[in-house]
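There are 2 protein chains.
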Amino acid sequence: MDITKIKILFPNLEEGLHNEILKHGAIKEVKAGETLLKVGQTIRSTMLIIDGIIKLYREDDEGKEFFIYHLDAGQACSLSMVCAAKHETSEILAKALTDATVLAIPLEFMDLWMSKYKSWYQFVITSYRNRFEELLKTIDAIAFSNMDERLEDYLEKQVKKLGANLKMTHQDIANDLNSSREVISRLLKKMEAKNWVVIHRNSIEWIKSPHP
Amino acid sequence: MDITKIKILFPNLEEGLHNEILKHGAIKEVKAGETLLKVGQTIRSTMLIIDGIIKLYREDDEGKEFFIYHLDAGQACSLSMVCAAKHETSEILAKALTDATVLAIPLEFMDLWMSKYKSWYQFVITSYRNRFEELLKTIDAIAFSNMDERLEDYLEKQVKKLGANLKMTHQDIANDLNSSREVISRLLKKMEAKNWVVIHRNSIEWIKSPHP
DNA sequence: GTACTTGTGTGACTTATATCACGGTACCTA
DNA sequence: TAGGTACCGTGATATAAGTCACACAAGTAC
C-alpha cells in the first residue's frame with residue numbers, strides 16, 4: 003500500500019490528507035464472500051474501499067438478504083460514516099464480492115478531518131449523495147418495476163462490475179432480488195430466447211448488445 | 003419568527019448559530035397540499051422545517067407518487083442538503099401535508115457553517131443518518147412486507163403525525179402506497195372487522211389499542 | 001327537489017410471482 | 001463406476017395484488 007495508490011483512488015482529496023489516510027488507516031484484507039459488517043455490529047471506524055467490490059445488503063427478521071448496492075474501490079461506506087459519527091450499530095450487512103482491501107479509519111479522524119480538510123467534507127457529502135441516490139433507485143426498482151426489469155437491471159449492474167461472464171447460480175440471483183430460483187430460471191430462459199444471455203451451468207453470459 | 007422558537011426547534015445547535023439561521027434564512031410559508039420541491043428542480047437552498055409536516059415522494063416516469071417519509075418541525079431536508087452542496091437538481095418531490103413554514107438557507111452557508119460550527123456538522127450528519135434509516139425502513143417494507151402490513155405501518159405513521167382521525171380517502175392511501183383503491187378498501191374492511199379502524203366517508207379513525 | 005360528482009363496497013377476472021413436485025444433468029468423490 | 005450433491009427446467013397449483021364493471025350512498029350545485 004503506497005501513497006500513489008491512495009492518490010489515484012481519491013484524486014479529489016488534498017495533499018496532506020492522503021498521507022494522513024495512509025498513516026491512520028488500518029489495512030484489512032478480506033476474501034471473496036467474507037462478511038465485513040454484520041447487522042447490529044458496533045461501528046468503530048469508517049471504511050474506505052481500496053480494492054475489490056463490496057456488496058451491501060439489508061436483512062429481514064428471518065435472515066433473508068436483500069441486495070441494495072455495490073461499493074467499489076475509491077468509495078466509502080456512508081453507513082459506516084454516519085454510524086461511526088454517532089457510535090451506533092450497523093443497520094446493514096456488508097460482504098466482499100471479490101477479494102478486497104479496505105482501509106479502516108478510526109472514527110476520531112472522521113470529525114477531525116471534517117473541520118481540517120475541506121476536501122474530506124466534500125468527499126463525505128458526495129458519498130452521501132451517491133449512496134442516497136442508490137437507495138432511491140433501489141426503491142424505484144422494487145416499487146415500480148416487475149421482476150423481469152429488475153433482473154435486467156441487476157444483471158447489467160453485475161456485468162458492469164464483474165464483466166459479461168457472471169459466475170453465479172440462479173439461486174444466488176434469486177436471493178439478492180428476494181425472489182425464488184424458479185422465477186429467475188424462467189425469466190432467464192426468456193432472456194435467452196431474446197438473445198440477451200447464454201445460460202451455462204454455474205454461470206451466465208451477458209450478450210445483449212447495448213444499442214439494439 | 004423569533005429566536006426562542008429556533009432555539010426550541012434546534013436545541014443542539016450552538017448559540018451563535020441560532021442567530022445566523024434567523025438572519026440568513028428566508029421564511030417560506032406553504033399551504034397544505036402545495037408542492038415545495040419538484041423533481042428536476044434545481045436546489046439553491048437547504049430547507050429547515052419550522053412548522054407543519056412535509057411529505058416526501060419518489061416519482062416514477064408516469065408521475066405516480068410513492069410516499070417515502072415525513073419531515074417534521076425541527077428537521078431538515080437532507081436531500082436539499084446533499085443536492086445544494088453540489089448545485090444539483092432534486093430527485094424527489096416534497097409536498098406540504100399541513101400548512102407549513104420552512105426556512106430556506108442559501109447554500110453558501112451550508113459550507114461555511116460546516117467548518118465554523120461543530121454543532122451544524124453534527125446536525126447535518128444526524129439528519130443524514132436519520133433519513134438514511136428511513137429509506138432503509140422503506141426498502142424493508144416494500145421488499146419484505148405484504149400490503150396489509152404496509153398499510154398498517156402507514157396508518158400508524160400517519161396517526162402518529164396527525165392524530166387518530168385521518169382525513170383521507172382510500173384513493174389517497176392507495177396513491178401513497180402505489181396500490182389501488184379497491185385493494186385498500188378491502189384491507190380496511192378487514193381491519194374494521196378486527197376493530198382496528200372505523201371507516202367513515204372521507205376519513206378513517208384509528209382505534210387499535212397499542213398493547214392488545 | 002334533480003342532477004352531478006365523489007367516495008366506497010363488492011364480485012369476477014387477470015396477472016405476476018411464489019411454491020410444490022418432480023425429473024434431468026453436470027460434476028465430484030471415493 | 002456408482003452414488004451423492006448441487007444446479008437447472010418445467011408443469012401444476014396457490015396466493016397476493018391489480019383491474020374491470022357496476023351499484024350505491026353521501027355531498028354539492030343549481
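Quick note, the sequences are listed as chains C and A, same order. Per the working numbering, residue 3 is the first one in the first sequence, and the count goes up by one each step. Per the working numbering, residue 3 is the first one in the second sequence, and the count goes up by one each step. Note that the Cβ used here is the ideal one computed from N, Cα and C, for glycine as well.
- Contiguous alpha helix (DSSP H) elements confined to the stretch 121-182 of chain C occur at 149-164 and 172-178, taking only those with 4 or more residues.
- A straight-line Cα-Cα distance of about 6 Å links K30/A and T103/A.
- Listed in chain order, the non-local C-beta contacts of D53/A below 7 Å within the same chain comprise A75, A102 and T103, local neighbours out to five positions each way being set aside.
- Residue burial annotation: K196/C is exposed, with fewer than 16 other C-beta atoms found within 10 angstroms of its C-beta.
- When only Cα atoms are considered, I23/C and E135/C end up about 26 Å apart.
- Per DSSP, the continuous beta strand (DSSP E) segment holding K30/C begins and ends at A28 to V32.
- The shortest CA-to-CA distance from M149/C to any of K120/C, A176/C, I51/C and R46/C is the one to A176/C.
- Between V199/A and L190/A a beta carbon distance of about 6 Å is seen, short of the 8 Å cut, so the two are scored as contacting.
- G165/A and S211/A have their C-alpha atoms spaced approximately 14 Å apart.
- L38/C is positioned such that its CB atom lies closer than 8 Å to that of A98/C.
- Within the same chain, and ignoring the five residues on either side of L11/A in sequence, the residues whose Cβ sits closer than 7 Å to its Cβ are I52, A75 and G76.
- For the stretch 39-54 of chain C, the set of residues with a beta-carbon nearer than 8 Å to any beta-carbon of chain A is empty.
- The C-beta separation of G18/C from I107/C comes to about 15 Å, leaving the pair out of contact by the 8 Å criterion.
- Ranked by Cα distance from D155/A, the options K118/A, R46/A and I70/A are led by I70/A.
- Per the C-alpha coordinates, the member of Y123/A, Q160/A, E110/A and E90/A positioned closest to D178/A is Q160/A.
- Under the Cβ criterion of 8 Å, R203/A is not counted among the residues facing chain C.
- For D113/A, the enclosing alpha helix (DSSP H) starts and ends at L109 to K118.
- In the three-state reduction of the DSSP assignment, T100/A falls in the coil class.
- The way I'd put it, the stretch 126-145 of chain C does touch the stretch 60-67 of chain A; three or more beta-carbon pairs between them come closer than 8 Å.
- DSSP, reduced to helix, strand and coil, places V185/C within a helical segment of the structure shown.
- Assigned with DSSP and collapsed to three states, E61/A falls in strand.
- Neighbours of R60/A in chain C, taken as residues whose beta carbon is under 9 Å from its own, are L138, I141, D142, A145 and F146 in chain order.
- CA-CA distance, A78/A to L50/A, rounds to 4 Å.
- With its beta carbon at least 8 Å from every one in chain C, Y156/A lies outside the interface.
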